[in-house]
Every structure is written in C-alpha cells, then in structure tokens.
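Visitor:
Protein chains: 2
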Amino acid sequence: MTITITAFAAALDQGAGMARDMRVRWALEEVGQPYEARLVPWEKFKEEAHIARNPFGQIPTYEERDLTLFESGAIVWHIAERFPGLLPKDADARARALMWMFAALSTVEPPIVDREIVEYAEDGKSWQGERYAMVDERIRGRLNQLSARFGDGEWLDGAFSAADIIMVHVLRRLEGTDILQEYPNLAAYVARAKERPAYKRAFAAQLAAWENTR
Amino acid sequence: MTITITAFAAALDQGAGMARDMRVRWALEEVGQPYEARLVPWEKFKEEAHIARNPFGQIPTYEERDLTLFESGAIVWHIAERFPGLLPKDADARARALMWMFAALSTVEPPIVDREIVEYAEDGKSWQGERYAMVDERIRGRLNQLSARFGDGEWLDGAFSAADIIMVHVLRRLEGTDILQEYPNLAAYVARAKERPAYKRAFAAQLAAWENTR
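Taken in sequence, the protein lines are chains Z and B.
So for the first sequence, the numbering used here puts the first residue at 1; every next one is plus one.
So for the second sequence, the numbering used here puts the first residue at 1; every next one is plus one.
1) Closer than 7 Å by beta-carbon distance: list the chain Z residues that pair up with Gln206 of chain B, in chain order.
2) Using 8 Å for Cβ pairs, my map puts Gly15 of chain B next to Trp155 of chain B. What's the rounded Cβ distance?
3) Can you name the start and end residues of the alpha helix (DSSP H) that Ile166 of chain B belongs to?
4) Any idea which residues DSSP pairs Arg196 of chain Z with across the strands?
5) Within 10 angstroms of its Cβ, does Thr6 of chain B collect 16 or more other Cβ (buried), or is it exposed?
6) Use the C-beta contact count for Glu48 of chain B: other C-beta atoms within 10 angstroms, 16 or more gives buried, fewer gives exposed.
7) Tell whether a beta-carbon distance below 8 Å holds between Asn185 of chain B and Gly158 of chain B.
8) What would DSSP say about Leu186 of chain B, mapped onto helix, strand or coil?
9) Given a cut-off of 8 Å, decide if Ala95 of chain B and Ala163 of chain B are closer than it, judged by their beta-carbon atoms.
10) Output needed for Ile117 of chain B: all residues of its chain with C-beta closer than 6 Å, excluding positions within five of it in sequence on either side, in chain order.
11) Which chain C residues sit within Cβ distance under 9 Å of Asp114 of chain Z?
12) DSSP has Arg38 of chain Z in a bridge; who is on the other side?
13) Considering only the alpha carbon of each residue, which of Z:Phe56, Z:Glu81, Z:Ala52 lies closest to Thr68 of chain Z?
14) Within 8 Å (strictly less), CB to CB, does Gly73 of chain B reach chain Z?
15) So, helix, strand or coil for Glu154 of chain B, using DSSP?
16) Listing by chain order, which chain Z residues have their CB less than 7 Å from the CB of Asp92 of chain B?
17) What three-state label does DSSP hand Phe70 of chain B in the structure shown?
18) On the DSSP letters alone, give me the boundaries of the alpha helix (DSSP H) that Glu119 of chain B sits inside.
19) Quick one: grab the DSSP three-state call for Glu30 of chain Z.
20) If you compare alpha carbons, which of B:Ala193, B:Ile179, B:Arg140, B:Met1 is closest to Glu64 of chain B?
21) Does Pro184 of chain Z come within less than 8 Å of chain B when only Cβ atoms are used?
22) For Thr61 of chain B, which three-state DSSP category applies?
23) How long is the line joining the alpha carbons of Ile112 of chain Z and Pro84 of chain Z, rounded to whole angstroms?
24) Around the Cβ of Trp26 of chain B, are there at least 16 other Cβ atoms within 10 angstroms (buried) or fewer (exposed)?
25) Please tell me whether Ile3 of chain Z and Met101 of chain Z are closer than 8 Å, where the distance is taken between their beta carbons.
26) What residue from Z:Glu109, Z:Glu30, Z:Gly176 has the CA that sits closest to Leu87 of chain Z's CA?
27) Can a CB atom of chain B be found closer than 8 Å to the CB of Arg53 of chain Z?
28) Which residue wins for smallest C-alpha separation from Ile179 of chain Z, given the options Z:Ala133, Z:Arg38, Z:Thr213?
29) Which of the three DSSP states, helix, strand or coil, is assigned to Met1 of chain Z?
30) Can you check which of these residues, Z:Arg214, Z:Arg201, Z:Thr213, Z:Glu175, is closest to Arg23 of chain Z by C-alpha distance?
31) So is Leu28 of chain B buried or exposed if we call it buried at 16+ other beta carbons inside 10 Å?
32) Give the C-beta separation of Ala11 of chain Z and Ala19 of chain Z to the nearest angstrom, bearing in mind that I take them to be a contact with Cβ-Cβ under 8 Å.
33) Looking at Glu81 of chain B: is its Cβ nearer than 8 Å to the Cβ of Ala103 of chain Z?
34) Find the residues of chain Z that neighbour Arg142 of chain B, judging by a C-beta separation of less than 9 Å, and give them in chain order.
35) Here's the rule I'm using: 16 or more other beta-carbon atoms within 10 Å means buried, otherwise exposed. How should Gly17 of chain B be labelled?
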C-alpha cells in the first residue's frame, strides 16, 4: 500500500514548514509510515486534476488505495486511527483528542489566518494598522484562554497525540510575530514539539522539497 | 446515563437557531437521545464554572458521565460514533464524513464568521463597505467550489450523515444575506435538511429555550 500526499512545489515559505502538508508529514513520521509527496505548484491548485482531489483547491491531500482525503485535520485523524502511536486507547481520551483538533482549527487558527489576510490582502490599505490591532486582540484572547488551560502540562491532554500536531502547527504560524513569546508555557510547548525526531524528519523532508523545486 | 449540553440563555438570535448548540440538539434528535439543556447567559460564559467546561468560554458543551467535551464538531462526531444513525458503516466513508466536517468548520465557515465580524466589530468604520466586498468575495469563492463538487446530489457524500448537520448549519449563517440564493443546489440542500423531523424538533427546542429565558 502506497500513501501519497500532495504538498507545495516551490512553497511560498521557502521550506519553513508553514504549509499544512507539514502536519501530515509529521503525523506519518510519528507512526513510521513511508509516503510519497506529489509536489503541486501553486498555479495548478485550481486545475481539474487537483480539484478532483480537493474541491477547495488546497494542499495537503492524502491518497491510499481508492480513498482520497483533504483537510489536514481529517487526514491526521485518519492516520492516527489507522496506525498506532498518535491516540490514547481510552475512548474518552480519544474524544478529547479530536476535540482539541477542532479547537485548534476552528477556534485558535481563524484569527491567526485573519492576521495573514491583514498582512497580505490588506497591505497598503489605510485601515491596515487598526485591523492589525483588532485581530491581535482576538489572537491574544484565544491564547490567554489556551495558556490558562494548558498550565504547566507537557502536552494538551496527557500523552502526546494527534491533537498536539495540529495545535503546535497552528501556533507556529505566529512565528513571524512576538505574540507567542508572551505565553511562556505555549512557547515552551511549541519548542518541545520541535525537538521530536519525527518533527525534525518531517521538517527536513519539506525543506528538501522546496530546495528541489525552487 | 444523562446527557447535558449547554446552550444560550436569552440567545442573541432570538431563537432562530443560529447558535452552535443547534448542531448538537439536531444530532441528538437524529439519533433519538434525550438530553438536558443547561442554559447559560452570555455574561456567565467567562466565569469559572463555564470555563471549566470549555476553556474558550463558548457554547455548546456536552457532558456524559465524567466526559466533558466542547467544540460542536467534536461533540457531533462523538454522538455519531456513540449512537447509530449518523455515520455510514464503511470505514472510508466515515473518514470522508469527518473530512466534510473539518471542511465545513475550517474552510467554509471562517469567511462567514469574518462577515459577522465586519457586521458587528467593524460597524461604523470607514472601511466597512470595502471589507464587506472583500469578505463576500472569499465566501463566494468557497461556495463556488462547494457548489461545483456538490452538483445535483442530495447530501454531501451519499447518505445523510453528521457532516451534513455541520455543513448545513454553517451555510445557514448566511441566511441574513442573499448570497446562498446564488447557489440553487446549496440553497435546496439547506431547505431539504430543514424539512427533517429531527431538525424541526431541535429548532423547536432551542426556540422554546429562548422564549423561556428572554
């Protein structure tokens, strides 16, 4: 059985691991599953061949036999259910792992993505500064709440799980700002995750993909 | 076993079923599980008792024995796994159902929520009109893609599933606009869902909650 994912060719972040294929690569490295990466250049995201994989024209996608998935959250969850190593055995703890994945993607990430919209789509607008202030307040509101619940734990809910992959990668999107450093427990959480051998292998793989296609 | 959810007391939408507890009520009605609703007024969302249930101070939450969940996507998925009626048996089809839930919450809903931010948080700003145009373009971009994939199907992926609950409720947030009507297949999809007896029972329950607490 071959697993094939799609990832950016010539990624805009120049191999910094910000694109969402990093989440899938990391999960596959954690469970020790080899995979092939089909590198898709940005200008082909909206073409029929890619839209057949993902109707929203985004990466990553995941193909295994005749199953094709999109949405990084769903792909990481599928990998975690399919191969051991990323989910606890207890049913309640598994439900909480999925809860934290939805929290990362539906509650924490949206204002962080909105900040990128302010940065790029609203660049040069008269209101850009005021919008930055508004969106940063929303981001800090979410991080205040996350930090308070996180406390001095190591991972989100006991042992490392698929949820930590998603949450850490969402928080990494703040790396171009100083915001995450205001929350020492969350900054330490991200740093702890980046020390994992599986993270390092995934990071190296997507960096190599950029170097080979730029 | 008692299932207890939290929902708005005196909901801002005056019982129109826009708050996210509607998703959980609807799922519970589809699987025929009774539940109790703990109605929480807006001013108590950030108080300790509610933060213990949901660190982000939002509704809905779900309590069953000693399991407490937040995030409507995770709750609806838990209900669908726990009780028959909301998920196909085939493992690949189940993976696709979760994929559509993430697509609804991470890809389709964010620009729709952003429109509400423009409507309320940016009301009176000089740039409000220009931001409406920008965010409406993003919403239409997503709906164009969703409509193209949806085609003339009845539900997202064959039989009605938990994913349809989430996607329909996300699309319902556009009801105050004319945007959804530009996509006849998606408008018909939402109308079809609203005819389901379980939907009607859930809608009546949250309307009654509003009438009893306003």
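Each residue gets a CB set at the ideal place from its N, CA and C atoms; glycine is no exception.
Guide: Checking against the coordinates, here is how it stands:
1) Within chain Z, no residue comes near Gln206 of chain B; the closest Cβ sits about 20 Å away, beyond 7 Å.
2) That belief does not hold up - the Cβ atoms of Gly15 of chain B and Trp155 of chain B are roughly 26 Å apart, past 8 Å.
3) 162 to 172
4) Answer by DSSP bridge pairing: none, since Arg196 of chain Z is not bridged.
5) buried
6) exposed
7) no
8) helix
9) no
10) none
11) The displayed structure is made up of protein chains Z and B, and chain C is not among them.
12) Z:Thr6
13) Z:Ala52
14) yes
15) coil
16) Leu67
17) strand
18) 109 to 120
19) helix
20) B:Met1
21) no
22) strand
23) 31 Å
24) buried
25) no
26) Z:Glu30
27) no
28) Z:Ala133
29) coil
30) Z:Arg201
31) buried
32) 5 Å
33) no
34) Phe56
35) buried
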